[in-house]
Structures are given as C-alpha cells and as structure tokens.
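Going down the list, the protein sequences come from chains Y and G. Using the numbering used here, read the first sequence as starting at 88 and increasing by one per residue. Using the numbering used here, read the second sequence as starting at 88 and increasing by one per residue. Backbone N, C-alpha and C fix where the C-beta goes; we use that ideal spot for every residue, glycine too. On a predicted model such as this, the values are computed, not experimentally measured, just so you know.
Protein chains: 2
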Amino acid sequence: MERGRGALGPALELVHTGRAPTRAVLTSELGVTRATAGAVAAELEALGLITVDSRPTASAGAQGRPSHRLFVDERGPVVLAAQIHADGYRVALVGLGGRIVATAAGCGTIPADPAHVLAEAVAAGSALLSETGRRCLGAGLAVPSAVAEPDGEALNPLHLAWPPGAPVRELFLRALADAAIPGVTERIGFTGNDVNLGALAEHRHGAGRGARDLLCVASGHRGVGGALVLDGRLHSGSSGLALEVGHLTVNPEGAPCHCGSRGCLDVEADPLAFLGAAGRTPGPEGSLLHQAVDLLRNDYADPGVRAAADLLIDRLGLGIAGLVNILNPDRIILGGLHRALVEADPERLRAVVADRSLWGRSGGVPILPCSLDHNSLVGAAELAWQPVLDDPLVVVDR
Amino acid sequence: MERGRGALGPALELVHTGRAPTRAVLTSELGVTRATAGAVAAELEALGLITVDSRPTASAGAQGRPSHRLFVDERGPVVLAAQIHADGYRVALVGLGGRIVATAAGCGTIPADPAHVLAEAVAAGSALLSETGRRCLGAGLAVPSAVAEPDGEALNPLHLAWPPGAPVRELFLRALADAAIPGVTERIGFTGNDVNLGALAEHRHGAGRGARDLLCVASGHRGVGGALVLDGRLHSGSSGLALEVGHLTVNPEGAPCHCGSRGCLDVEADPLAFLGAAGRTPGPEGSLLHQAVDLLRNDYADPGVRAAADLLIDRLGLGIAGLVNILNPDRIILGGLHRALVEADPERLRAVVADRSLWGRSGGVPILPCSLDHNSLVGAAELAWQPVLDDPLVVVDR
DNA sequence: GTATTTTGTTTAGCGTCGGCACAAAGTCAG
DNA sequence: CTGACTTTGTGCCGACGCTAAACAAAATAC
C-alpha cells in the first residue's frame, strides 16, 4: 500500500545534501518510477522533514511540465551541535541541509574540567531550544582531539586543559541526560574529532560536494589534523585514529616534536610555526589561529610574512604530497590557517604537491579552501542527523 | 513467487568467502527467514554455483536437527586468472571459494612486448580450459605496477621490460578477444595491481578474513607495494594510484631513489636492499625475491644475515608505523620478502611499529604473514568473479 | 520411548515497487 | 489564441520477494 519505504532514507539524504532540488531529479537519482518518488516525497513531507512546493513555478525555462520543487522543511526538527575549542565552546541548532538555525558561544568557566565545559555547552544549547521552541532529534559533539573508538575518549586534547583520555562521549551523554532536553532521552550523543566532522560537513554541504575520495587537512590553534571521506562516509579507522597527520615528517632537520621525532607537520605548519617564521611573538589576546590568519591576510605584502607563508606552504605541500601518494584523493580541502595559505597563493601549493607526488595525474588533484562557516559544528550535526537519514521513520516515535 | 532474488548475491558471497558453512548460518547471516534462505540456497544450487549437502551429517554434536551443509560447487564454472611478474607469467583457473583448479606458468618469450606476453598467458589459460572442459565466466589480470583508472594503464612496470603507460587492460581484452574463449565474449577482462589483488584475496580467503580495515604491504622482486581493503572493498583511490607506499621515507640519510628523494621504502626494504645489507651480490639465477627469501630462511643463523634482517625490519616498521598513523587499520598482512621477515622475527616488527606509531592501541595492531599461495592470482580471479557475486543470475545468459 | 531442540518445507498473505494509462502544466509553432 | 508536443504528477493493477505461521523432519536428552 504505502509506496517508497525502502527509498525513504536515500531520498531524504538527497534533499539534505541538495542533490534533489525537484521531484523529477529525485526520481532519476533514486532510480525509481515517478510514482514511487512521489510517494516518497509525500511521506517525507508528512513526517515534517521536507516541503514540496507544488505551486506553479515562476519560470522554469525548460520545456514540459515544471517539476515540483523540494525543500528541507525550515520549521522542521533540529539537532543540537556543540564544539569545544581552545577558547571555549560553541553550540548551535542545526536543521536538515546543514542550516544553522541558532547559535551561541561561551568561554567555559573551568576549562580544565571537561564535564563542566560540556555541561555549560549543553545548557547553552538547551536554552537555544527553549527560546526557539524547536523539536530536537539528537546531539553531536566536536572536540579538537582524536576520539578513540569504541569508547569515545579524547586521546590528545593537547591545547585544551583536559586530561588525556577523558571519556568525552560518556561525559557528553551524561551532560545531555542531566539537562533533560525534551526528546533527547536516549543515548544519542555522538562525538567525533573536529577536523573529521568538518570534512564530513564540507563533503555534504560545502566545497567537497561530489567528491568520491575527499582529503581534508586543517590546522587548529595548535597542530595539524586530517580527515578522509570515502564514498560519502567518514573513514576514521578501526579505532577512530586514522588521519592523525600531524606527525608526518616534512623537515628532517626541523624542530623537535613531543612525539620524539623532529620536523613533524604539527610543529612545522601550524599557526605558531607561521608566527615564528614571520619573526613575530604570539600576543596575549586572540587565539594563535586568529593571530596567524590576521597576520597573513593583513600583512601579506610584508616580505617577511610572505616568506613565512611560502615556507609553510612548502612544508604543508610536502606533507600533502605524501598523503596523496598514499590515499590518491580526487579533491583536497584545507581549513584553518591552511585555508588562508591556499587562498593567499593557490598556485604555489598546487605546484609543490604536483612536484612531490609521484604521478602527474595525482598532482593535478584540486586543492580548495573550505567553504562553510563552523564546519565542525555542522559536521557534529551530521553525526546526529545520521540515524534520521538512515531511516526517517525514527522521527515518529520520539 | 520466486523467493530470495535480492539476497542471491549476498548469499553467494557468504558461501564464497566461507562465512556460511550451513544453511542455518546462512539464515542468520542474511537476516532472513529460513524459508527465504532455503529458496536462495536452492536457486544457487540450480544455477550450478553451490551444492547443498542434505544427507544426514555424520556427527553434529549439537542438539537439534543438523543443518544442511553448503559447499561451493567443485564442478561449477571457473574464471581465468593471469599474473605477470618479472620472470614471466602464471595463469590459473579459479573456482568459487578462491580454489585454484588448474595452473600453468611460462617465461614470456618476448618480455618487452606486453601484447605478446599477454597473448601467451591467455593462450596458456585457454589451453587449461580446453583440457579441463570447464565453463569460464570471466578473466582477471594482475600486473606488478600501479594501474591507472579508468583507462587501465600500467604506470610503472619498473621491473618488467614494459614501456611505462602500457594500456594493459586494453591489451588484455584484445588478447582475450583474439583467443575467442567460449563464454568469454564480452569485455570482462579486469585488471589490477598485484599487491592490491593479493590483499583482496587475503581478505576474502586468507589471513585477512574478518578484518574491517586491512592494510597489506608486500615486496615484489624490486620495490614495495601496498594495498588497503576497507569494509570488504579494495580502496585503490580515485585514479587507482592509492597505497603507492614505496616512496615513504624511512631513512633520511639513505640511498638515493629514482623518485628524487632518498631513503625510500622502495630502495631500503626490498630484496635487493636485503641482499646488499647482508653483503651478498645478487646471483644470476633465480629472481631477487627468491634469492633474498632463500638467504633469509636458510642462513638466518648467520650474524650478518640476521643483522640485515633486523635492519630491514626496522626500516619496514618505520614505514608501516607511518601508514598506521594515517590509516589506523585493524590488521596488517605482509607478503613477499616482508612475509619472510615477519615470520623470522615477529616480535621485533611488532615492537618497532608499536614504538613508532602514535597510540599504543594502534601499535597493538596484529601483523601477520599472508596465508595464500598465489594470492595475486586468486585476487585477479576475485575481480572476475565480482559480477557474479553482485548478481548470480548473470550466469544464465552466458 | 517421549520430550525437547533445532532445522527444513509448505502455504498464505502482505508490502513495495514497476508498468501503464491518463491527467496536468508548461513550451513551441503557426 | 490554438493545437501539438514535451515533461511531470497520479491512480490502479499486478508481479515479485519477502515474512509469518503451521507443520514436518532429524537429531539429542532424559
């Protein structure tokens, strides 16, 4: 009787990622008949997840009957996304399509206590939910650390004041339970590394759309992180520790690293390294990342700054070339300081990567700056949306 | 009416990989009812792909009615697998389950001409088919070179006398067409890198069974290759060039490599490097790989050989640790000379990898020798079997 | 020998999707 | 403006592929 149950999840994902702007496109993308696609769209609309605009469209331009347009429901449910970083936290309510509905930030009054910071973040998110009156279907958290699977422990929260091995997923779940957010009653607090989640967000809604093998590299405030999205799914390794690229050697005679080696990407291509190469000492206000990005953008004409940028691009390119030889991605996206570097001089980085990677064809891989604001936050939301994308019918029970 | 069409492919794959020894297990693995599993098994038997042993089993030991045993049909169809290596070629007829039914080898009379070598190999395979009278459903080829997608060109057949960029897939298809093998009328000549295909074979039938993220590293006669199997599927990158691990730097002051760098895995951990480290000069007869493996296995008591083995293990471990940090696999399998190295001293390699990889948990990843004879050949057969595994009904038309 | 457990088989029924015919909504040509 | 054409949406029917349930079969346990 009810048509289109099996295709419900794929259909929602297509609308969610913007790949199904109309019902006709949905039909062809799903590979089903128009009848089935219509039933699927109607079902998703009944669930309150999408809206079908059946009014005659203004001007289609093309021949034939204009197709009904499909939108993510702007008044539909949201998920709660939280991100922890060196300066504190940021929370947001994120709807389907990766749209940030509301956001708030705080500094975290007791930075050394993860439970306390998470409780504050969740409280801020809960306040957003109360203010907006939106229905919440889940929650996701991004942290600037490798997150070990399956336990969800933050292994190296180096530039947080947290103890290594903090059980962030458990603490996040507990904070959610304590906050007693309506609708968020089960264990639906997903947790991941911020660069990983940023990559996921870029793949679905940003500069990574359409890529099959997407590699992301991003500097945080300290250190360098990587992420890999394969066939639309995050590859975080068997225990969540993949793409820890910070300790690739890019300068054999370089500075010593806490890992015991020297010349690691972590110490040769992060904001502190850039400030040092430019002969600046970090100031007291503003994060290292902001200081470095501001310096790069405002004083790129300064020869010393320019030389520092060139040096970092060369080192970064060496690291990326190594990754290209191993992973052979079809697109590369850079975040944090690296985004600013590739924006400052796109050609130099492409040339270095092409020169140091083995095959000309791999060297020709596109390298783009990331394109989403708060992509880690949006990625955390993607994690929370995933159960709904897998089976949209789960929304009826909650 | 006909039950169990959609589950046909997954069911055959379960039997093929040995994960469904009985109908009861098939039922639970597929997640379907006994009725459906029974229909699926009957259909596969009717297709001549598996046999269902419904005779009362000798002694089950367990309570309840014994389940019918499922076997790959030993008299069923086969695929033609071919492997090109430095010394010539090897061909085999491979049935479901990765079982080699018949095999033959030759040296290749005009090694510099890929078309000629491939024609000889296909002719040898065709002869095997005539002798055995088996039905052939496809053909696969393994070559010791990166194979670029989507064109199927051998980019670096370094230790073959082939020109770089030889269009091996096209040449293989042409050789198959020229041989006019009954049944192999369409374009079903699949081609891949030998280490990649070996990894696929190990994952399905060998030491890699059950691994989710499997990393393989293997030395050929010259150089080092890598492969990655993720969620049961080969990850060969967007253009087939992933896991070209030969140019990871493992010894910054090492020997120069043709890639322009120095101390690459290719020149620091291959059979030639081992013979050199042991103070031996390569002899004229036998491949470098065989000479190195023989030396290692026969003269391991010799302090010089032992020291050379330790040195290569240390370098190899450094390279593997780098890969572990990037890929976070849950199992590692070694082939070629590296297999012999890990068999000679399993603990040393594990210790090096654990020491040089970032996380203790990743350092604890199991490192095993490969377990299949001719795994590249079996992997080439896997490539050819894949269409049948995707939809077993394709066998009825051919 | 009877009860219990587990597996295989048969039958009925239902849910999901494709196919088809028809209606609807636009463009294009004159 | 009108009619032909193109493309999209919808309702109806049937086929296919599965589940559910009852029953039969083959072993062990007591």
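Look at the beta carbons and you see the region 157-177 of chain Y touching the region 192-203 of chain Y: at least three pairs across the two are nearer than 8 Å. Scanning the region 262-302 of chain Y for uninterrupted alpha helix (DSSP H) segments of 4 residues or longer gives 281-292, listed from N- to C-terminal end.
Contact between the region 278-295 of chain Y and the region 311-318 of chain Y is present: 3 or more CB-CB pairs across the two stretches fall below 8 Å.
Interface flag for Y:E331 against chain G is set, since a Cβ pair is found closer than 8 Å. Within chain G, the residues A233, L242, N243, L328, E331, G333, H334, C346 have their CB atoms less than 9 Å from the CB of Y:L445, given in chain order.
Across the structure, Y:G293 and Y:C457 are spaced so that their CA atoms are roughly 7 Å apart. Around the C-beta of Y:N243, 16 or more other C-beta atoms lie within 10 Å, and the residue is accordingly described as buried. Setting aside the 5 residues that flank it on each side, G:R90 is surrounded in the same chain by T123, A126, each with a C-beta closer than 6 Å to its C-beta; the list follows chain order. Around the beta carbon of G:R121, fewer than 16 other beta carbons lie within 10 angstroms, which makes this residue exposed. Leaving aside the five residues that flank Y:A360 on each side, the residues in its chain whose CB is nearer than 7 Å to its CB run, in chain order, V354, L399. Between G:N338 and G:G350 the beta-carbon gap is near 4 Å, inside 8 Å, which marks them as a contact.
Less than 8 Å separates the beta-carbon of Y:G422 from that of Y:A305. Distances from the alpha-carbon of Y:I275 to those of Y:H103, Y:I420, Y:G451, Y:L258 put Y:L258 closest.
Between Y:G135 and Y:G184, the C-beta gap is not smaller than 8 Å, which leaves the two residues out of contact. Between Y:H308 and Y:H246, the CB-CB gap stays under 8 Å. Distance check between G:L301 and each of G:V483, G:P433, G:A388, G:I413 places G:I413 closest, using alpha-carbon atoms only.
For Y:D353, the enclosing alpha helix (DSSP H) has its first and last residue at 352-355. Leaving aside the five residues that flank Y:G366 on each side, the residues in its chain whose CB is nearer than 6 Å to its CB run, in chain order, G391. DSSP, read as helix, strand or coil, puts G:H334 in helix.
Along the region 399-421 of chain Y, going in chain order, the ones with a CB nearer than 8 Å to a CB of chain G are G409, L410, N412, I413, L414, N415, P416, D417. Of all residues in the region 296-322 of chain G, only R299, D300, G313, L317, H322 place a beta-carbon less than 8 Å from a beta-carbon of chain Y. Under the three-state reduction of DSSP output, G:H461 falls in the coil class, being neither helix nor strand. Per the Cβ contact rule, the region 467-483 of chain Y is in contact with the region 161-168 of chain Y (3 or more Cβ pairs under 8 Å). If the five residues before and after Y:I407 are omitted, its C-beta is found closer than 7 Å to the C-beta atoms of V304, I419, V440, all from its own chain and listed in chain order. Proximity of chain G to Y:P339 at the Cβ level (cut-off 7 Å) is accounted for by P339, in chain order.
Rounded to the nearest whole angstrom, the C-alpha separation of G:V332 and G:A235 is 16 Å. With a beta-carbon spacing of about 6 Å, G:A107 and G:E116 fall inside the 8 Å limit used to define contacts. Of Y:A133, Y:P97, Y:L215, the smallest CA-CA separation from Y:A189 is found for Y:L215. Nearest CB-CB separation between G:S463 and chain Y: not below the 8 Å threshold. Within the same chain, Cβ atoms closer than 8 Å to the Cβ of G:H461 are found at Q170, R177, A179, I187, T190, the five residues on either side in sequence being excluded.
Residues V234, A235, E236 of the same chain have their beta carbon placed closer than 6 Å to that of G:G327, with the five preceding and five following residues left out of the count. DSSP places G:P250 outside both helix and strand once states are collapsed to three, so it counts as coil. Residues of the same chain with a CB within less than 8 Å of the CB of G:D140, apart from the 5 flanking positions on each side, are H155, R156, L157, F158 in chain order. Against chain G, the CB of Y:S325 has a partner CB under 8 Å away; the residue lies at that interface. Between G:N415 and Y:S325, the gap from beta carbon to beta carbon is short of 8 Å.
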